[in-house]
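Structure first, then comments.
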Amino acid sequence: MPELPEVETVRRRLEPSLMGAIVRDVVLSLPRLLEGAEPRDLDVLRGLACRKLERQGKYLILRFGEGRGERVLVVHLGMSGQLTWKGPGQAVQDEFRRLPSGLAMPIGPHSVDRHTHFRVVFDAGGELLFRDPRTFGRLLLCRPSTLDAQPRLVRLGPDALGVAEEVFIERWKEFRGVRSAKAILLDQGFLAGVGNIYADEACHEAGIRPGVRSSTLAVARIGALARAVQSVLERGLANCGTTFRDFVHPDGSKGGNQEDLRVYARAGLPCLACGTVLRKGVVAGRGTTWCPRCQS
DNA sequence: AATTCGCCCTGTCGGC
DNA sequence: TGCCGACAGGGCGAAT
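Note that our numbering has the first sequence beginning at 467, numbered continuously upward.
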């Protein structure tokens, strides 16, 4: 479940390898992952240099070529997508680490297995590998002029990282309603980048029950939630992302933020703030954990 | 019009 | 041991 900190971590780590690299070949072995274009359209990337790596919410945006020929490749990792980088001549790892959850995770740049659905091969021999066991990930290919109009991007709110408290509060007032506070946080049209893990973490840090009706929060509490969102995202980023199930860095290593989670996946364990047993339920259609004492 | 729900998809786990 | 349902979950379209 890569969210903003995970995608930003991938962006930062891929940037040095990809920048300036010229595409030699593009291989898509699961066509339905590509939206808004035909698989053969990917051939236009051949010969183009990677110019820029950007991120919008949970979307990674790769810009290739320049001028009229510029093309944009957008990658969404879904819940189990992994982007790894195999340097020129670097040996692939056939070994997969077994996580406590049971899922296999590559130890380094992984070899092309049955879950590797997309590869970009570069002239110098480097390779970008996209692996996604659950295939919730998506690829988009478009021209820069139509990027903002892409169906998946057009309704995105401002990036959650660095959003000003006043902006957060104003948008909350626009979006609030009978929906729960967590539903607003998960709404990518409100802010882009917050997913299930960081929504639960932010609610706990702000002392707000995920299930409270979003319209009932006083401005002071909305402000507290705004600061909590920044705080949990920044911590996640400082820890290079949360590896709970599938998330890996481009070199195959793990994030560190799973050690710092206060509520997510800790249902039944004592709250780290007050010791009360953390409760679990379903809010906004997602598994949700909160402290019945700290959060109201 | 706003909100909830079911679906997509694979792999793992717990129960019987 | 093996089968099967539940669960995980981002985003979208259908249903309410």
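Even for Gly, the Cβ is constructed at its ideal location relative to N, Cα and C.
Assigned secondary structure, residue i (DSSP; H/G/I helix, E/B strand, else coil)
i, result
"C608", "strand"
"P566", "With a pLDDT of 41 at P566, under the threshold of 50, the modelled position of that residue is not reliable, and the figure given next carries that caveat. If DSSP states are grouped into helix, strand and coil, P566 belongs with coil."
"F596", "strand"
"S546", "coil"
"Q522", "strand"
"I488", "strand"
"T709", "coil"
"K720", "coil"
"P617", "helix"
"V695", "helix"
"E561", "Its pLDDT being 49, under 50, E561 is placed unreliably by the model, and nothing is read from it."
"S680", "helix"
Environment of residue i [buried if 16+ CB atoms lie within 10 Å]
i, result
"C740", "exposed"
"R597", "buried"
"T612", "exposed"
According to DSSP, residues forming a beta bridge with residue i
i, result
"D625", "A658"
"C516", "F530"
"V748", "G753"
"T475", "DSSP, once it has assigned bridges, lists no residue as partnering T475."
Proximity of residue i and residue j at Cβ, strictly below 8 Å
i, j, result
"G553", "G523", "no"
"V749", "S646", "yes"
"W756", "L738", "no"
"Q724", "T708", "yes"
"P716", "V540", "no"
"W638", "I674", "no"
"E474", "R521", "yes"
Cβ-based neighbour list, residue i, same chain, cut-off 6 Å, excluding 5 preceding and 5 following
i, result
"P468", "L543, F713"
"L651", "V660, A665"
"F634", "A692"
Cβ shell of residue i (< 8 Å), same chain only, five flanking positions each side left out
i, result
"R478", "none"
"L783", "Beyond the ends of the chain as shown, which are 467 and 762, falls residue 783; an answer cannot be given."
Close-in-space but distant-in-sequence residues of the same chain around residue i (CB under 7 Å, 5 per side omitted)
i, result
"G555", "G591"
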